[in-house]
Amino acid sequence: MRLYLVRHGQDTLNKRGGWSQEPLTEEGVNEVESLSQKIKDIEFDFIIASDLQRTVQTANIIRNRLLFSTEIILDDCLREVNNGLLAGMDNDVALESFPGLFWNTLEWEESYPQGESPSQFYERICKWYKNFLLKHHNSSNVLLVTHQGVIEALLCIINNKQFSNKKVHYKIKCGQMIMEVIK
Numbered sequence: 382m383r384l385y386l387v388r389h390g391q392d393t394l395n396k397r398g399g400w401s402q403e404p405l406t407e408e409g410v411n412e413v414e415s416l417s418q419k420i421k422d423i424e425f426d427f428i429i430a431s432d433l434q435r436t437v438q439t440a441n442i443i444r445n446r447l448l449f450s451t452e453i454i455l456d457d458c459l460r461e462v463n464n465g466l467l468a469g470m471d472n473d474v475a476l477e478s479f480p481g482l483f484w485n486t487l488e489w490e491e492s493y494p495q496g497e498s499p500s501q502f503y504e505r506i507c508k509w510y511k512n513f514l515l516k517h518h519n520s521s522n523v524l525l526v527t528h529q530g531v532i533e534a535l536l537c538i539i540n541n542k543q544f545s546n547k548k549v550h551y552k553i554k555c556g557q558m559i560m561e562v563i564k
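For the sequence shown, the positions run 382 to 564 when our numbering is used.
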């Protein structure tokens with residue numbers, strides 16, 4: 382199986398992401414339109430996307446440009462890390478209300494206020510991946526539209542790398558794609 386991992390297009394830059402429901406910016410829409418042109422010759426079995434607005438918009442743009450008629454499978458397990466109270470918060474307010482609190486400053490078992498910890502996030506993605514393989518192991522080309530953190534976790538799982546919120550192994554820009562072959 383070829384798993385095509387797409388990071389959503391750019392969303393609002395002055396707000397914290399995570400579980401925010403921020404839409405794509407004009408630049409984000411343009412990034413996804415450009416990506417759609419590059420992948421127009423790939424025949425996908427189906428599209429799975431996080432259910433957050435920026436990934437749903439991304440998946441819909443791709444589906445429409447590829448003239449793909451199948452429904453997009455929305456999955457809340459593919460959401461970015463649950464950053465709780467910080468989701469969608471203006472960066473300036475977050476810096477004032479939660480000074481020094483960032484994904485890479487959390488300890489492994491430390492949760493965002495009313496959110497999840499790096500270990501909870503990673504376990505969620507591991508469980509999703511295991512179920513995905515059981516259900517879709519006979520698929521050929523799957524398009525997965527999600528977030529940087531989810532892509533990082535999945536690529537660490539697939540490539541047997543140690544996942545950590547302190548180090549990024551796989552950096553993917555907004556509106557970009559990476560392909561992994563799953564055996």
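Positions of the beta carbon are idealized from the N, C-alpha and C atoms, including for glycine.
So what does DSSP say about residue i, is it helix, strand or coil?
| i | result |
| --- | --- |
| residue 430 | strand |
| residue 446 | helix |
| residue 510 | helix |
| residue 460 | coil |
| residue 441 | helix |
| residue 516 | helix |
| residue 522 | strand |
| residue 383 | strand |
| residue 394 | coil |
| residue 455 | strand |
Based on DSSP bridge pairs, tell me the residues matched to residue i.
| i | result |
| --- | --- |
| residue 551 | Answer is none; residue 551 lacks a bridge partner. |
| residue 470 | Paired residues: none, contrary to the question. |
| residue 542 | According to DSSP, which records beta bridges pairwise, residue 542 is partnered with nothing at all. |
Whole-angstrom Cβ separation of residue i and residue j, contact assumed at under 8 Å?
| i | j | result |
| --- | --- | --- |
| residue 522 | residue 426 | 6 Å |
| residue 530 | residue 462 | 5 Å |
| residue 532 | residue 507 | With a Cβ gap of about 14 Å, residue 532 and residue 507 do not count as contacting. |
| residue 464 | residue 556 | Between residue 556 and residue 464 the Cβ distance is about 22 Å, and since that is not below 8 Å, they are no contact. |
| residue 409 | residue 392 | 6 Å |
| residue 380 | residue 406 | Nothing can be reported for residue 380: it is not among the residues displayed for the chain, which extend from 382 to 564. |
Taking the continuous alpha helix (DSSP H) assigned at residue i, which residues delimit it?
| i | result |
| --- | --- |
| residue 411 | 407-419 |
| residue 533 | 529-539 |
Which residues mark the beginning and the end of the beta strand (DSSP E) in which residue i is found?
| i | result |
| --- | --- |
| residue 561 | 558-562 |
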